[in-house]
Amino acid sequence: RMWTEDFRSLGTRFAVPTLARYRGAVRTTCGVMPANNALYCPSRNAIYFDEVFIARQAKNASRDLGTDGDMVAIGIIAHEMGHAVAAQLGESSRVPYENEATADCLAGTFARHAQEDGTLEKGDLDEAFYGMAAAGDPTPQPTGNPRYDARVIRMVSLMGHGTRQQRMSNFKAGFEGGAGACLE
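Every position in the sequence shown, counted from 1, becomes a number in our numbering once 34 is added.
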């Protein structure tokens, strides 16, 4: 609803993606959706998510934070919805990390809206940050070869989702600054 209203204020229409849950891996028209993941498929305008993976992430947050953990699951879907929003606005980069950073930021915008409309519960922000941190790319371990290490670090910075710190920072930017902090 939030994105539909935001798009309307821009004078355009948001095509709400279909939510398609699955268990394990599943073959789709967008290719194989792997287990333990969630992905946005632009050609089908669908968000696929492994429901067991999502539930496990929420359970881990609940156990570690002493909360209900629901915002981890919601945050994963909000991140994928961020990909849909960016795609429909023509915001796309050849650099995968930039697309992921935008989706994380737009997930933060979703959380900001939830806070504004009173649906953000106590502990939800901690859960969202927990989820972002848990999904961060591992930091490459140096090999001692400065040239090789620099190349690996550059590739990771372009191709991945971002480190724990980057993902949390991108989410925070959207939470504090709204969609304008995420999109050109």
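Each residue gets a CB set at the ideal place from its N, CA and C atoms; glycine is no exception.
Residue i versus residue j: straight-line alpha-carbon distance, rounded
{"i": "L73", "j": "E85", "result": "12 angstroms"}
{"i": "G165", "j": "M115", "result": "15 angstroms"}
{"i": "T52", "j": "R181", "result": "45 angstroms"}
{"i": "G89", "j": "N71", "result": "What sits at residue 89 in the sequence shown is Ala, not Gly. Near 11 angstroms, if we compare the C-alpha coordinates of N71 and A89."}
{"i": "G211", "j": "L140", "result": "10 angstroms"}
{"i": "R128", "j": "D158", "result": "32 angstroms"}
{"i": "V106", "j": "N94", "result": "9 angstroms"}
{"i": "F48", "j": "P76", "result": "13 angstroms"}
{"i": "F41", "j": "E155", "result": "26 angstroms"}
{"i": "I187", "j": "S203", "result": "19 angstroms"}
{"i": "P172", "j": "T38", "result": "35 angstroms"}
{"i": "E125", "j": "T46", "result": "15 angstroms"}
{"i": "S96", "j": "D138", "result": "21 angstroms"}
Residue i and residue j closer than 8 angstroms at C-beta
{"i": "T136", "j": "L44", "result": "no"}
{"i": "M193", "j": "P130", "result": "yes"}
{"i": "N133", "j": "H117", "result": "yes"}
{"i": "A213", "j": "A207", "result": "no"}
{"i": "R55", "j": "C64", "result": "no"}
{"i": "A121", "j": "G103", "result": "no"}
{"i": "R201", "j": "G170", "result": "yes"}
{"i": "V190", "j": "P174", "result": "yes"}
{"i": "A162", "j": "G109", "result": "yes"}
{"i": "F144", "j": "M36", "result": "yes"}
{"i": "A148", "j": "R198", "result": "no"}
{"i": "A59", "j": "F87", "result": "no"}
{"i": "G142", "j": "F83", "result": "no"}
{"i": "D183", "j": "L99", "result": "no"}
Residues that DSSP places opposite residue i in a beta bridge
{"i": "A54", "result": "Y82"}
{"i": "Y74", "result": "I81"}
{"i": "V60", "result": "M67"}
Collapsed DSSP secondary structure at residue i in the structure displayed
{"i": "G65", "result": "strand"}
{"i": "V106", "result": "helix"}
{"i": "A92", "result": "helix"}
{"i": "L217", "result": "coil"}
{"i": "F144", "result": "helix"}
{"i": "D183", "result": "helix"}
{"i": "P130", "result": "helix"}
{"i": "Q175", "result": "coil"}
{"i": "E210", "result": "helix"}
{"i": "F48", "result": "coil"}
{"i": "R35", "result": "coil"}
{"i": "N194", "result": "First, the amino acid is wrong: residue 194 is Gly here, not Asn. G194: coil per DSSP, three-state reduction."}
Min CB distance residue i to chain C below 8 angstroms
{"i": "F41", "result": "The chain labelled as chain C is not found in the depicted structure, where only one protein chain is given."}
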